[in-house]
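Undergrad: Numbered per the numbering used here, the sequence shown spans residues 2 to 910.
A virtual CB, placed ideally from N, CA and C, is assigned to each residue, including glycine.
Small disclaimer: the values here were computed from a predicted structure and weren't measured.
Before I ask anything, here is the structure I am working with.
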Amino acid sequence: MNDDKKNDLKKGFSGGLVWVLMGLFLFTLVVQSYMDSRSADVGFSHQVESLVNLQLLQPEDSRRVAVNDNLVTFSGHFRQKLTEESKSRYKYLELLNTSHQLDQDKKEVLESIHTLQTKITNAAEWFLTFSGLKVPSEGYVVVDRFYNMLNRDNSIIIQKTPKERADNFAQLKQQFASVKESPSEVSVDRLGKDLADLARNFRSPQLGIGSENLKQTLKEVEATLAEANNRSGSIDQKLSTYDRVIKRLHVLVNTLNEIDDHTRLNQLRSVRAYKDALVEFTDLSNKREQNLAQLDQARDGVSSVVWFFNGQEMSTRALEKQDPETFNQWFANHRKEWNQFAKNQGLYFRAPDQPINTALEKNFKSEEPPPNYFNYLFTFLPIILVVFVLYMLFARQMRGMGNNAMNFGKSPARLMQQGASKVTFKDVAGAEEAIEELQEIVEFLKTPQKFTALGGQIPKGVLCVGPPGTGKTLIARAVAGEADRPFFSIAGSDFVEMFVGVGASRIRDLFAQARKAAPCIIFMDEIDAVGSRRGVGVGGGHDEREQTLNQLLVEMDGFDPREGVILMAATNRPEVLDKALLRPGRFDRRVVINLPDIKGRFDILKVHAKRIKLDPSVDLMAVARSTPGASGADLESILNEAALLAARRGRTAVTAAETIEARDKVIYGKERRSLEIGEDEKLTTAYHEAGHAVIGMLVEHNDPVDKVTIIPRGFSLGSTQFLPKKNRVTYWKKELVDQLAVLLGGRCAEEIFVGDVSSGAQNDLERATHLARSMVCEWGMSDKLGLVAYEEREERGQYLGMSGHAEKKYSEETARAIDEEVKRIVGEQHERAYQLLVDKKEEVELMTKMLMEFETLDAEDVEDILSGTWNVETKRERIKQAEEKHKKKMATPPPPPPIKTDESPSFSC
Numbered sequence: 002m003n004d005d006k007k008n009d010l011k012k013g014f015s016g017g018l019v020w021v022l023m024g025l026f027l028f029t030l031v032v033q034s035y036m037d038s039r040s041a042d043v044g045f046s047h048q049v050e051s052l053v054n055l056q057l058l059q060p061e062d063s064r065r066v067a068v069n070d071n072l073v074t075f076s077g078h079f080r081q082k083l084t085e086e087s088k089s090r091y092k093y094l095e096l097l098n099t100s101h102q103l104d105q106d107k108k109e110v111l112e113s114i115h116t117l118q119t120k121i122t123n124a125a126e127w128f129l130t131f132s133g134l135k136v137p138s139e140g141y142v143v144v145d146r147f148y149n150m151l152n153r154d155n156s157i158i159i160q161k162t163p164k165e166r167a168d169n170f171a172q173l174k175q176q177f178a179s180v181k182e183s184p185s186e187v188s189v190d191r192l193g194k195d196l197a198d199l200a201r202n203f204r205s206p207q208l209g210i211g212s213e214n215l216k217q218t219l220k221e222v223e224a225t226l227a228e229a230n231n232r233s234g235s236i237d238q239k240l241s242t243y244d245r246v247i248k249r250l251h252v253l254v255n256t257l258n259e260i261d262d263h264t265r266l267n268q269l270r271s272v273r274a275y276k277d278a279l280v281e282f283t284d285l286s287n288k289r290e291q292n293l294a295q296l297d298q299a300r301d302g303v304s305s306v307v308w309f310f311n312g313q314e315m316s317t318r319a320l321e322k323q324d325p326e327t328f329n330q331w332f333a334n335h336r337k338e339w340n341q342f343a344k345n346q347g348l349y350f351r352a353p354d355q356p357i358n359t360a361l362e363k364n365f366k367s368e369e370p371p372p373n374y375f376n377y378l379f380t381f382l383p384i385i386l387v388v389f390v391l392y393m394l395f396a397r398q399m400r401g402m403g404n405n406a407m408n409f410g411k412s413p414a415r416l417m418q419q420g421a422s423k424v425t426f427k428d429v430a431g432a433e434e435a436i437e438e439l440q441e442i443v444e445f446l447k448t449p450q451k452f453t454a455l456g457g458q459i460p461k462g463v464l465c466v467g468p469p470g471t472g473k474t475l476i477a478r479a480v481a482g483e484a485d486r487p488f489f490s491i492a493g494s495d496f497v498e499m500f501v502g503v504g505a506s507r508i509r510d511l512f513a514q515a516r517k518a519a520p521c522i523i524f525m526d527e528i529d530a531v532g533s534r535r536g537v538g539v540g541g542g543h544d545e546r547e548q549t550l551n552q553l554l555v556e557m558d559g560f561d562p563r564e565g566v567i568l569m570a571a572t573n574r575p576e577v578l579d580k581a582l583l584r585p586g587r588f589d590r591r592v593v594i595n596l597p598d599i600k601g602r603f604d605i606l607k608v609h610a611k612r613i614k615l616d617p618s619v620d621l622m623a624v625a626r627s628t629p630g631a632s633g634a635d636l637e638s639i640l641n642e643a644a645l646l647a648a649r650r651g652r653t654a655v656t657a658a659e660t661i662e663a664r665d666k667v668i669y670g671k672e673r674r675s676l677e678i679g680e681d682e683k684l685t686t687a688y689h690e691a692g693h694a695v696i697g698m699l700v701e702h703n704d705p706v707d708k709v710t711i712i713p714r715g716f717s718l719g720s721t722q723f724l725p726k727k728n729r730v731t732y733w734k735k736e737l738v739d740q741l742a743v744l745l746g747g748r749c750a751e752e753i754f755v756g757d758v759s760s761g762a763q764n765d766l767e768r769a770t771h772l773a774r775s776m777v778c779e780w781g782m783s784d785k786l787g788l789v790a791y792e793e794r795e796e797r798g799q800y801l802g803m804s805g806h807a808e809k810k811y812s813e814e815t816a817r818a819i820d821e822e823v824k825r826i827v828g829e830q831h832e833r834a835y836q837l838l839v840d841k842k843e844e845v846e847l848m849t850k851m852l853m854e855f856e857t858l859d860a861e862d863v864e865d866i867l868s869g870t871w872n873v874e875t876k877r878e879r880i881k882q883a884e885e886k887h888k889k890k891m892a893t894p895p896p897p898p899p900i901k902t903d904e905s906p907s908f909s910c
């Protein structure tokens, strides 16, 4: 009791301690983040030049600590306010940077002026060429000497007349006068073409007219000439048009030739740009003169300053001679630090592991500061806390695997002591052969001397093989209960963990515990999880699972049968087990627990029905007959679902209706009444299921119909269920032929009554094709192909009657003959079913109508319909009686209290 309290205290303390440490860790991070956020923004050594040149730091607080020959860790403290010396230094640097920028701008503008002069000269010559103007003796002035500057001539004067052209404007005016005196069609057309060429030359980019008015005039002139030249008008009309065009061109030439503000050709883009460039150059020259005056004044205040420029020391004069582009980049860093001073004002900084430079070496004191253990604490405390928290979490995870953090190698097997198991062979039904096999094990555990006296040895291991749900685990517990011996229970997956070697360690510990508790039983469920074949895993021969299997094989060889330890194991996949595990001396006995037959299912139902209140009308044999292939777990689930359904309906006992509905739910799936189905699809499903049911009743060698329904379940929209007459082990050919006809009855009903076919017969066609192919290829039921099996099985894929892998091992001609024979068999039964339904049209129609009304018909209803004794009122009465059966009666409410006459009535609102 005291130990338990101590453990509880430890658990509480560890949990609380984790939360305290997590809180402390978060607090440390917040404090550290706050301290980091209040540090000045200095982290690189190249910033030091700017800070020293501008005197932004307190010199007495600037320190550096050498890390090695090339790296230092430096720290410092920003001033509380700027000094006058700092301001004068920054102003000088700013003026010097502006001076470099103005010189660069003047250089660029001057280059633009030279380019524009060339463009203007070319444009002026183009204008003189096509206008026909003569150059005066003093030259053709485009830009007057008015724009000349000191030591610079900015005038543009054309001294030489360009080569004269026959199609210039002056010549065309004379040509027009000559044509007008003696017009002819050829001369007029020639004039129009020359005028059009002249207009295009005036619009040429070589001239570069920028005035929108003049460009619009030339555009209109071109359009007028194009219209006149292309239409078939009279000569007088064309001459009139050409006269107007010449007048407009005359105005244009005069406009361009007009002198305005000491310049001609002002409408050209080049002339405009040239005048703007001259104005900009003049403005930059004035600014440069002002800058020089300010720079001379600022230079006097910093004449004795030693500057640090890109790792070099230099005077103010030497600084002014540096490359302007390099200086601009250097000054950009100074401007950045100057602008951030308001943010860094009064703050400390520390920059670790930075390359040393001249500014650091000359201005920062070299010293070894005393160690700051508080900083070390804040640096390493988060790491220590994270490691500690991870350790605590890991330790708690390990405690979840056992009593302490190092017991993961112990076996997690659950021990059931003597007398704890209440399960005996009486609780196991449907497995008589398996019980007989295991009875010998029980006898040995009870009286081992009976066998050892004669020199016999009890089997070391028993392997229970069977499909899921057949009671392998239950029968192992029954063995322990009958023998009244300790029972170790463990799953195969419990041996596989995340740590290497854990599985083998648990195997050793399990057998060690079993030897101490001998005689006893070890039951290993789902042994295929650890006993699969070796060498097929991802890890090859070094797979952790294979190491566990090797240890299991060693332990099974190592214990003496006289010790009284028996290993029982269960699996539903015996074909994957390692052969070394199955050899005699390890698992000597193999107990096969098959799916129960009719008798077995009936016995299982009787066992589970003992705890359920059943109505006398419930026929357990009928339930057993209607559940072929069901396991014991399925049968238990059916009765449990029936009890739950009866409780929801308010019944005092489970009736046959709940049993049938529970069977359908477990075997076929839950009803899908919420599925929206159109009336046409519902009617087609009713015809389809009626076709199955009618054919099933008409053929001779088929199981009787149990129920027909059009309620959707699982993946089907309806179903027809048959009740087997006997426990089938083999099939006769006549039975298979009738079964084919029943399978095709649904499709035939659609063809006859709907006039079309649907995809609802997909499963029927698959089953019919598989059945017919099995008749031909496996069972030798084809007269044409004879008594030959055309498909060979591989035993590796077989167990418990389940089908194995099939391979094609015959010629293409034989394959074609097989396909033809399968088609023949299926086709014959299709024609047979079709004809039977045509003969029973009225019965199919009636059954379809009743299915649309009641949705479900039982065996009695189907028989009445086919025999002609159907009465719909009788069906409704039976449904009503079934609903009222075992209904809980409502309690009679108490009588109302008597009304007292001596009291006045009261009203409330």
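1) Among all the DSSP beta bridges, which residues are the ones paired with W308?
2) Could you check where the alpha helix (DSSP H) with L134 kicks off and where it finishes?
3) State the Cα-Cα distance for the pair L718 and G565, rounded to the nearest angstrom.
4) Judging by CA-CA distance, which residue of E368, A860, I121 is the nearest neighbour of A694?
5) Taking the alpha carbon of R507 as the point to measure from, which residue in S494, I210, A519 has its own alpha carbon closest?
6) So for M150, helix, strand or coil by DSSP?
7) What's the C-alpha gap between L744 and K708?
8) Cβ of N340 versus every heavy atom of the ligand HEM: is any distance shorter than 7 Å?
9) Is the beta carbon of V136 closer than 8 Å to that of I157?
10) Quick one: is A229 buried, meaning 16 or more other Cβ sit within 10 Å of its Cβ, or exposed?
11) Which two residues bound the contiguous beta strand (DSSP E) that contains P356?
12) Rounded to a whole number of angstroms, what is the C-alpha to C-alpha distance between G756 and E680?
13) For A484, count the other beta carbons within 10 Å of its own beta carbon; 16 or more makes it buried, fewer makes it exposed. Which is it?
14) Would the beta-carbon of G747 fall within 8 Å of that of E690?
15) Which first and last residues belong to the beta strand (DSSP E) in which Y141 is found?
16) By DSSP's criteria, H78 is part of a beta bridge. Which residues make up the other side?
17) Roughly how many angstroms lie between the CA atoms of S305 and T317, to the nearest whole one?
18) Between the alpha carbons of F170 and L151, how many angstroms are there, rounded?
19) According to the Cβ coordinates, are L741 and A773 closer than 8 Å?
20) Where do the ends of the beta strand (DSSP E) carrying K708 lie?
21) Looking at the structure shown, is L568 part of a helix, part of a strand, or coil, going by DSSP?
22) Helix, strand or coil: how does DSSP classify D42 here?
23) Can you tell me the Cβ-Cβ gap for F177 and I247, rounded? I've got them flagged as a contact below 8 Å.
24) Beta-carbon of M557 versus every beta-carbon of chain C: anything under 8 Å?
25) Within the same chain, show all residues whose beta-carbon is closer than 6 Å to that of Q548, passing over the 5 residues directly before and after it, in chain order.
26) I'd like the list of long-range same chain contacts for T731, defined as Cβ closer than 8 Å, with 5 residues on each side in sequence excluded.
27) Does the contact criterion of 3 or more C-beta pairs under 8 Å hold for the region 445-462 versus the region 574-581?
28) By the 10 Å Cβ neighbour count, where 16 or more other Cβ atoms means buried, how is A41 classified, buried or exposed?
29) Please classify R300: does DSSP put it in a helix, a strand, or coil?
30) Can you check whether the CB of A663 is closer than 8 Å to the CB of L646?
31) Could you spell out the range, first to last residue, of the alpha helix (DSSP H) harbouring M853?
32) Whose C-beta lies closer than 7 Å to the C-beta of S618 among residues of the same chain, with five residues either side of it excluded?
33) Need the endpoints of the alpha helix (DSSP H) that R584 sits in, please.
34) Where does G761 sit, in a helix, a strand or coil, going by DSSP?
35) Take every Cβ of the region 62-79, pair it with every Cβ of the region 248-263, and state whether three or more of those distances are shorter than 8 Å.
36) Run the CB neighbour count on Q105, radius 10 Å, all protein chains shown included, and call it buried at 16 or more, exposed below.
TA: For this structure:
1) Within the sequence shown, numbered from 1, the residue matching residue 308 stands at position 307. W308 is bridged by DSSP to M315.
2) As a position in the sequence shown, residue 134 is number 133, starting the count at 1. No residue range can be given for L134, since it is assigned to no alpha helix (DSSP H) and is classified by DSSP as neither H nor E.
3) For the purposes of this step, residue 718 is identified with residue 717 of the sequence shown, where counting begins at 1. For the purposes of this step, residue 565 is identified with residue 564 of the sequence shown, where counting begins at 1. Straight-line Cα distance between these residues: approximately 57 Å.
4) Locating residue 694 in the sequence shown gives position 693, counting from the first residue. By alpha-carbon distance to A694, the top candidate from E368, A860, I121 is A860.
5) Residue numbering aside, residue 507 sits at position 506 when the sequence shown is read from its first letter. The candidate whose alpha carbon is nearest that of R507 is S494.
6) Locating residue 150 in the sequence shown gives position 149, where the first residue counts as 1. In the structure shown, M150 sits in a strand (DSSP, three-state: E or B).
7) In the sequence shown, the residue the question calls residue 744 occupies position 743. In the sequence shown, the residue the question calls residue 708 occupies position 707. Rounded to the nearest angstrom, the gap between the Cα atoms of L744 and K708 is 15 Å.
8) Absence of the ligand HEM is noted for the structure shown, with no ligands found whatsoever.
9) In the sequence shown, the residue the question calls residue 157 occupies position 156. In the sequence shown, the residue the question calls residue 136 occupies position 135. No Cβ-Cβ contact shorter than 8 Å links I157 with V136.
10) Position 228 of the sequence shown, counted from the start, is the residue given in the question as residue 229. Counting the other CB atoms within 10 Å of its CB gives A229 a total of 16 or more, which places it among the buried residues.
11) Locating residue 356 in the sequence shown gives position 355, where the first residue counts as 1. Looking at the DSSP string, the run of the beta strand (DSSP E) that includes P356 is 349-356.
12) Here residue 756 refers to the residue found at position 755 of the sequence shown. Here residue 680 refers to the residue found at position 679 of the sequence shown. Looking at the two C-alpha atoms, the distance is approximately 16 Å.
13) On the sequence shown, residue 484 is found 483 positions in, with the first residue counted as 1. Classification of A484: buried, given that the 10 Å Cβ count is 16 or more.
14) On the sequence shown, residue 747 is found 746 positions in, with the first residue counted as 1. On the sequence shown, residue 690 is found 689 positions in, with the first residue counted as 1. With respect to the 8 Å criterion, G747 and E690 are classified as neighbours on the basis of their beta carbons.
15) As a first step, residue 141 must be located in the sequence shown, where it is residue number 140. Segment 141-144, the beta strand (DSSP E) holding Y141.
16) Residue mapping note: residue 78 aligns to position 77 of the sequence shown, counting from 1. According to DSSP, residue pairing for H78 in a beta bridge involves Y349.
17) Position 304 of the sequence shown, counted from the first residue, corresponds to residue 305. Position 316 of the sequence shown, counted from the first residue, corresponds to residue 317. One C-alpha to the other measures close to 7 Å.
18) Locating residue 170 in the sequence shown gives position 169, where the first residue counts as 1. Locating residue 151 in the sequence shown gives position 150, where the first residue counts as 1. F170 and L151 have their C-alpha atoms spaced approximately 39 Å apart.
19) Taking the sequence shown and counting its residues from 1, one reaches residue 741 at position 740. Taking the sequence shown and counting its residues from 1, one reaches residue 773 at position 772. Yes, Cβ-Cβ distance for L741 and A773 is below 8 Å.
20) As a position in the sequence shown, residue 708 is number 707, starting the count at 1. Residue range 706-710 is occupied by the beta strand (DSSP E) that includes K708.
21) Numbered from 1 along the sequence shown, position 567 holds the residue referred to as residue 568. Residue state, collapsed to three classes: strand.
22) What you label residue 42 is simply residue 41 of the sequence shown in a count that begins at 1. Coil, per DSSP.
23) Translated into the one-based positions of the sequence shown, residue 177 becomes position 176. Translated into the one-based positions of the sequence shown, residue 247 becomes position 246. Their Cβ separation, rounded to whole angstroms, is 6 Å, which keeps F177 and I247 in contact under 8 Å.
24) Of the protein chains in the structure, only one exists, and it is not chain C.
25) What you label residue 548 is simply residue 547 of the sequence shown in a count that begins at 1. If we look at Q548 and ignore the five residues flanking it on each side, its Cβ neighbours are A505.
26) Against the sequence shown, residue 731 aligns to sequence position 730. Hits under 8 Å: none found.
27) Touching, no, given that fewer than three Cβ pairs across the two stretches are closer than 8 Å.
28) For this step, residue 41 is matched to residue 40 along the sequence shown. Label assigned to A41: buried.
29) Position 299 of the sequence shown, counted from the start, is the residue given in the question as residue 300. For R300, the three-state secondary structure derived from DSSP is helix.
30) Locating residue 646 in the sequence shown gives position 645, where the first residue counts as 1. Locating residue 663 in the sequence shown gives position 662, where the first residue counts as 1. Yes, Cβ-Cβ distance for L646 and A663 is below 8 Å.
31) Your numbering for residue 853 matches position 852 in the sequence shown. Where M853 is concerned, the enclosing alpha helix (DSSP H) stretches over 842-855.
32) Taking the first residue of the sequence shown as position 1, residue 618 is located at position 617. The answer, listed in chain order, is T656, A657.
33) As a first step, residue 584 must be located in the sequence shown, where it is residue number 583. For R584, no alpha helix (DSSP H) run applies, since DSSP gives it neither H nor E.
34) As a first step, residue 761 must be located in the sequence shown, where it is residue number 760. DSSP places G761 in helix when its eight states are reduced to three.
35) No, because fewer than three Cβ pairs between the region 62-79 and the region 248-263 fall closer than 8 Å, the two stretches do not touch.
36) Your numbering for residue 105 matches position 104 in the sequence shown. Its Cβ having fewer than 16 others within 10 Å, Q105 is exposed.
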